[in-house]
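J.: As given, the protein sequences belong to chains D and G, one line each in that order.
Residue 1 is where the first sequence starts when you use the working numbering, and the numbers rise one by one after that.
Residue 205 is where the second sequence starts when you use the working numbering, and the numbers rise one by one after that.
Sending over a structure as structure tokens; questions will come in a sec.
2 protein chains.
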Amino acid sequence: MSETIKSTNITWHHAHVTKQDREQQNGHRSVIVWFTGLSGSGKSTVANALDAELFQRGVRSFVLDGDNIRHGLNKNVGFSPADREENIRRIGEVAKLFTEAGMIAMTAFISPYRADRDKVRALVAEGDFVEVYVRCGVDACESRDTKGLYKKARAGEIKEFTGISAPYEEPLNPELILDTDKETLEESCEKVLRYLLEKSVLTK
Amino acid sequence: MSETIKSTNITWHHAHVTKQDREQQNGHRSVIVWFTGLSGSGKSTVANALDAELFQRGVRSFVLDGDNIRHGLNKNVGFSPADREENIRRIGEVAKLFTEAGMIAMTAFISPYRADRDKVRALVAEGDFVEVYVRCGVDACESRDTKGLYKKARAGEIKEFTGISAPYEEPLNPELILDTDKETLEESCEKVLRYLLEKSVLTK
């Protein structure tokens, strides 16, 4: 907050509101919670359940997932390795903007390449990128197949499908692992919530 | 808020928090305030002064401008007509995401093409896109030349510079016009603030 301009009733500032200003006002830190894992592993379900709970607590959070990204910002991006890289790059940049706006940005994308995830991590300060590996065996994901995508991938109707015909690179040192084929949704959610409290992202 | 999952101490929801949920909690509507005009017309200055005032009022707002977009999300986009279109398309999609997160998204980009701005308008509900034409003569912008860009454009060092060697298409029916070469910064800011109050985007 620097130079000020006087007015009849409002003082207008030549200033930028910073991430720190917003965090202080909000009463919580703003970080990226990056969920990564196979299709059907439960990334979006966990992220949205957490978002609803954070909303109840008055915490500013938002979920970026296929529903609001693939048909919008990234509708001109495909599934080749180069396109997947650009897909994740853009999502990382948008998530960063959300943290600058004082929010906890949760992202729910397969994001199969380690290098792409690490580039997002490098965009923000240490501690502001929370990588959550949603670890669920391909068999369990395939047996759920909520979107019918595995069936299409097995039939060859979808090329380059992660876990079937395209690689998934597991995180080497994720901040958290959720074993969604062994634990309940509430257990997974509570792991993340507990982590955010332990790291003082949230204070209550 | 639909199906709920019981837990020891928290009820986890299979739910999406909606734009309306967030608007209700925030006590204000979430809209896009789209500033358009020549380089040096004052878009970013007005947007950031408003942002600081809204922050003081506890309103959730954020500014997207060259500083946080051109070196990040859109660093792989240039200044050709096709690239300018993609630049504005992405910014529009991100602004929309911010409104879905309950925020007032202010954007400060030249955005010279009418068709591109109208495409952003079409992304959101009627009344949720507030086009603010920051009308400032090219002479006034050039005499300020805060970034030294007009000098470079005149010297031919910058190609396709809006107002010099690339077109600017004035809005036909903007929600607001700010004559920043005739009015003070505070007058411009107060016009926008008054508009947001009149349209009940803000209630206080």
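Quick reminder that beta carbons are idealized off the backbone N, C-alpha and C, glycines included.
Mapping the DSSP letters down to three states, classify Leu54(D) as helix, strand or coil.
T.: One-based indexing of the first sequence puts residue 54(D) at position 54. Three-state result, Leu54(D): helix.
J.: From the DSSP output, in three-state form, read off His275(G) for me.
T.: If you number the second sequence from 1, residue 275(G) lands on position 71. Of the three classes helix, strand and coil, the one that applies to His275(G) here is helix, per DSSP.
J.: Applying the 10 Å Cβ sphere with the 16-neighbour rule, what's the burial state of Ser284(G)?
T.: Counted from its first residue, the second sequence places residue 284(G) at position 80. Ser284(G) should be labelled exposed.
J.: If distances are taken between C-alpha atoms only, which option among Leu406(G), Arg233(G) and Asp269(G) comes closest to Ser243(G)?
T.: As a first step, residue 243(G) must be located in the second sequence, where it is residue number 39. With distances taken between Cα atoms, Ser243(G) lies closest to Asp269(G).
J.: If you reduce the DSSP assignment to three classes, tell me which class Asp383(G) lands in.
T.: Along the second sequence, one-based indexing puts residue 383(G) at 179. Strand.
J.: I'd like the span of the beta strand (DSSP E) that includes Ala312(G), first residue to last.
T.: Locating residue 312(G) in the second sequence gives position 108, counting from the first residue. Counting along the chain, the beta strand (DSSP E) containing Ala312(G) begins and ends at Ile308 to Ala312.
J.: By DSSP's criteria, Ile268(G) is part of a beta bridge. Which residues make up the other side?
T.: Reading the second sequence from its first residue, position 64 is the one you call residue 268(G). Ile is not the amino acid found at residue 268(G); the sequence shown has Leu there. Answer is Thr311(G), bridged to Leu268(G).
J.: Quick one: what's Val130(D) bridged to in DSSP?
T.: Taking the first residue of the first sequence as position 1, residue 130(D) is located at position 130. In DSSP, Val130(D) forms a bridge with Val33(D).
J.: Kindly indicate which three-state DSSP category Thr222(G) falls into: helix, strand or coil?
T.: As a working mapping, residue 222(G) is identified with position 18 in the second sequence. Coil, per DSSP.
J.: Return the chain-ordered list of same chain residues with a C-beta closer than 7 Å to the C-beta of Ser245(G), the five sequence neighbours on each side being excluded.
T.: Counting from one through the second sequence, the residue named residue 245(G) turns up at place 41. Val338, Cys340, Cys345 and Thr384, listed in sequence order.
J.: Quick one: what's got a C-beta closer than 8 Å to Thr45(D)'s C-beta in the same chain, skipping five residues either side?
T.: Numbered from its first residue, the first sequence carries residue 45(D) at position 45. Contacts found: Leu185.
J.: What is the rounded straight-line gap between the Cα of Gln229(G) and the Cα of Ala251(G)?
T.: Here residue 229(G) is taken as the residue at index 25 of the second sequence, counted from 1. Here residue 251(G) is taken as the residue at index 47 of the second sequence, counted from 1. Their backbone Cα atoms lie some 24 Å apart in a straight line.
J.: What would DSSP say about Ala251(G), mapped onto helix, strand or coil?
T.: The sequence position of residue 251(G) within the second sequence is 47, counting from 1. Correct three-state label for Ala251(G): helix.
J.: State yes or no: is the C-beta of Val59(D) within less than 9 Å of the C-beta of Ala105(D)?
T.: Here residue 59(D) refers to the residue found at position 59 when the first sequence is read from its first residue. Here residue 105(D) refers to the residue found at position 105 when the first sequence is read from its first residue. Contact flag unset, no.
J.: According to DSSP, simplified to helix, strand and coil, what is Ala166(D)?
T.: On the first sequence, position 166 is the one that residue 166(D) refers to. Note: Ala166(D) maps to strand in three-state DSSP.
J.: Can you tell which of Asp67(D), Val17(D) and Arg90(D) has its C-alpha closest to the C-alpha of Lys423(G)?
T.: The requested residue 423(G) is not part of the displayed model; chain G covers only 205 to 408.
J.: Using only alpha-carbon positions, find the residue among Phe239(G), Ser369(G) and Lys408(G) that is nearest to Gly296(G).
T.: Start at 1 with the first residue of the second sequence, and residue 296(G) comes out as number 92. Answer by Cα proximity: Phe239(G).
J.: Examine chain G for any beta-carbon lying closer than 9 Å to the beta-carbon of Phe79(D), and answer yes or no.
T.: Against the first sequence, residue 79(D) aligns to sequence position 79. It does not: the Cβ of Phe79(D) has no partner Cβ on chain G nearer than 9 Å.
J.: Do Leu178(D) and Val138(D) have their C-beta atoms closer together than 9 Å?
T.: For the purposes of this step, residue 178(D) is taken as the residue at position 178 of the first sequence. For the purposes of this step, residue 138(D) is taken as the residue at position 138 of the first sequence. Going by C-beta atoms, Leu178(D) is not nearer than 9 Å to Val138(D).
J.: Please identify the residue among Leu54(D), Gly78(D) and Phe109(D) whose C-alpha is closest to the C-alpha of Gly213(D).
T.: Examination of residue 213(D) is not possible in this model, given that chain D is present from 1 through 204 alone.
J.: Would a C-beta distance cut-off of 9 Å place Glu374(G) and Arg288(G) closer than the cut-off?
T.: The sequence position of residue 374(G) within the second sequence is 170, counting from 1. The sequence position of residue 288(G) within the second sequence is 84, counting from 1. No, they are not a contact pair.
J.: Is the distance from the Cβ of Val31(D) to the Cβ of Thr107(D) below 9 Å?
T.: On the first sequence, residue 31(D) is found 31 positions in, with the first residue counted as 1. On the first sequence, residue 107(D) is found 107 positions in, with the first residue counted as 1. For Val31(D) and Thr107(D), no; Cβs fall outside 9 Å.
J.: Quick one: what does DSSP say Leu353(G) is sitting in, helix, strand or coil?
T.: What you label residue 353(G) is simply residue 149 of the second sequence in a count that begins at 1. In this structure, Leu353(G) counts as helix in the three-state DSSP scheme.
J.: Strictly below 8 Å CB to CB, what residues from chain G border Lys96(D)?
T.: Stepping through the first sequence from its first residue, residue 96(D) is reached at position 96. Result: Gly276.
J.: Whole angstroms are fine: how far does the CA of Arg194(D) sit from the CA of Gly282(G)?
T.: Indexing the second sequence from 1 puts residue 282(G) at position 78. Indexing the first sequence from 1 puts residue 194(D) at position 194. Approximately 44 Å between the Cα atoms of the pair.
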